[in-house]
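In my numbering, the protein residues as written are 16 to 281.
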């Protein structure tokens with residue numbers, strides 16, 4: 016049987032569960048696919064050229080995580096779907112010798128909220144302004160939520176302003192229903208915001224959501240302490256991964272089938 020290689024680019028990357036859940040799908044669906052896929056983690060030095068690495072490794076597809084999603088958007092031969100709007104790519108697929116970029120974060124995040132029966136008619140505060148934040152802002156706005164973005168610097172905020180989000184470099188004195196940590200603070204075991212400020216937001220919120228997964232982050236720990244409903248990024252990971260797998264399979268395997276397999280192993 017033909018072998019195909021896939022992977023996930025990131026830095027850091029050793030924490031990633033993407034290889035576990037994707038390899039489970041490649042094993043389960045190899046007969047339908049007509050090939051056996053192998054998916055592995057790829058630690059990419061910060062100065063690396065993503066496209067060169069992709070081609071050098073002979074990959075058929077890849078996911079992209081922190082901190083490369085915005086750079087991945089810039090190196091594709093073609094961009095499809097909502098990735099065009101959010102200027103962020105988390106899925107790369109080789110199609111007819113062209114590197115095509117997609118974004119499955121936006122829909123993956125929304126599906127994870129829907130899975131928790133979260134209501135749409137609310138407002139959200141996104142902490143951070145990177146590639147994941149861009150995808151979430153696009154996706155949430157499409158679902159009718161009012162989106163605000165808080166970032167420590169002006170870098171990247173112009174994108175959100177063009178999108179119609181309220182943008183801040185200092186914590187706004189407002190209440191938000193949904194607080195999303197889209198920073199890398201949790202990977203460094205830190206809070207993304209001053210503890211007392213975050214407490215104030217949590218006390219007025221209905222859900223605290225951290226994109227990090229696999230452990231009780233300081234962000235989620237604080238929400239738990241205040242008895243605020245909270246959620247980590249596990250469901251989002253599985254939804255975005257199953258949507259990516261659908262792309263890797265050339266739509267032979269619907270994301271709903273991939274989701275069930277991935278959920279069974281993680």
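Beta carbons: idealized from backbone N, C-alpha and C, even for Gly. Here the structure is a predicted model, which is why all the values come from computation and not from measurement.
Which runs of the beta strand (DSSP E) at least 3 residues long sit entirely within the segment 120-148? Give them in chain order.
Whole beta strand (DSSP E) segments, 3+ residues: 138-142.
Mark residue 277 as exposed unless 16 or more other C-beta atoms lie within 10 angstroms of its C-beta, in which case mark it buried.
Position 262 of the chain shown holds residue 277. Buried, because 16 or more other Cβ atoms sit within 10 Å of the Cβ of residue 277.
Let me confirm a value: residue 13 is counted as buried when at least 16 other C-beta atoms fall within 10 Å, else exposed. Which label applies?
Any answer about residue 13 is impossible in this case: the structure gives the chain only from 16 up to 281.
Restricting to runs no shorter than 3 residues, where is the beta strand (DSSP E) found entirely within the segment 168-223?
181-183, 193-196
Hey, could you find the ends of the beta strand (DSSP E) residue 47 is sitting in?
Taking the first residue of the chain shown as position 1, residue 47 is located at position 32. First-last for residue 47: 45-48, but that is the alpha helix (DSSP H), not the beta strand (DSSP E).
For residue 206, does the count of other Cβ atoms within 10 angstroms reach 16, so buried, or fall short, so exposed?
Taking the chain shown and counting its residues from 1, the one referred to as residue 206 is at position 191. It is buried - the Cβ of residue 206 has at least 16 other Cβ atoms within 10 Å.
Under 8 Å, do residue 125 and residue 154 count as touching if we go by C-beta distance?
Counting from 1 along the chain shown, the entry for residue 125 is found at position 110. Counting from 1 along the chain shown, the entry for residue 154 is found at position 139. It is a contact, given that the beta carbons lie within the stated cut-off.
Residue 256 (DSSP reduced to helix, strand or coil)
For the purposes of this step, residue 256 is identified with residue 241 of the chain shown, where counting begins at 1. Residue 256: helix per DSSP, three-state reduction.
Let's test the definition: count the other Cβ atoms within 10 Å of the Cβ of residue 56 and tell me whether it reaches 16, buried, or not, exposed.
Position 41 of the chain shown, counted from the start, is the residue given in the question as residue 56. It is buried - the Cβ of residue 56 has at least 16 other Cβ atoms within 10 Å.
Whole-angstrom Cβ separation of residue 83 and residue 24, contact assumed at under 8 Å?
Position 68 of the chain shown, counted from the first residue, corresponds to residue 83. Position 9 of the chain shown, counted from the first residue, corresponds to residue 24. That belief holds up - the Cβ atoms of residue 83 and residue 24 are roughly 6 Å apart, short of 8 Å.
Residue 129: which of 182, 254, 150 sits nearest, CA to CA?
By one-based count along the chain shown, residue 129 stands at place 114. It is 254.
For residue 92, decide whether its Cβ has a neighbour in chain B, counting only Cβ atoms nearer than 8 Å.
Judged by its chain identifiers, the structure shown contains no chain B, having just a single protein chain.
In this structure, does DSSP put residue 154 in helix, strand or coil?
Indexing the chain shown from 1 puts residue 154 at position 139. Residue state, collapsed to three classes: helix.
Return yes when the Cβ of residue 191 is within less than 8 Å of the Cβ of residue 163, no when it is not.
Position 148 of the chain shown, counting from 1, holds the residue named residue 163. Position 176 of the chain shown, counting from 1, holds the residue named residue 191. Cβ atoms of residue 163 and residue 191: closer than 8 Å.
Sequence-distant residues of the same chain with beta carbon closer than 8 Å to residue 28, five excluded per side
To locate residue 28, count along the chain shown from 1; it is residue 13. Excluding residues within five positions, the ones whose Cβ falls inside 8 Å are 56, 57, 58, 59, 80.
Considering Cα atoms alone, identify which of 141, 252, 240 is closest to residue 180.
Along the chain shown, one-based indexing puts residue 180 at 165. Looking at 141, 252, 240, the one whose alpha-carbon comes closest to that of residue 180 is 141.
Tell me, to the nearest whole angstrom, how far the beta carbon of residue 223 is from that of residue 243; I am working on the premise that it is less than 8 Å.
The residue given as residue 223 occupies position 208 in the chain shown. The residue given as residue 243 occupies position 228 in the chain shown. The Cβ separation is near 5 Å, so the contact holds.
Three or more beta-carbon pairs under 8 Å between the segment 259-269 and the segment 228-236, yes or no?
no
Keeping to the same chain, check which residues put their C-beta closer than 7 Å to that of residue 70; ignore five residues upstream and five downstream.
Here residue 70 refers to the residue found at position 55 when the chain shown is read from its first residue. Within the same chain, residue 70 has no close Cβ partners at all.
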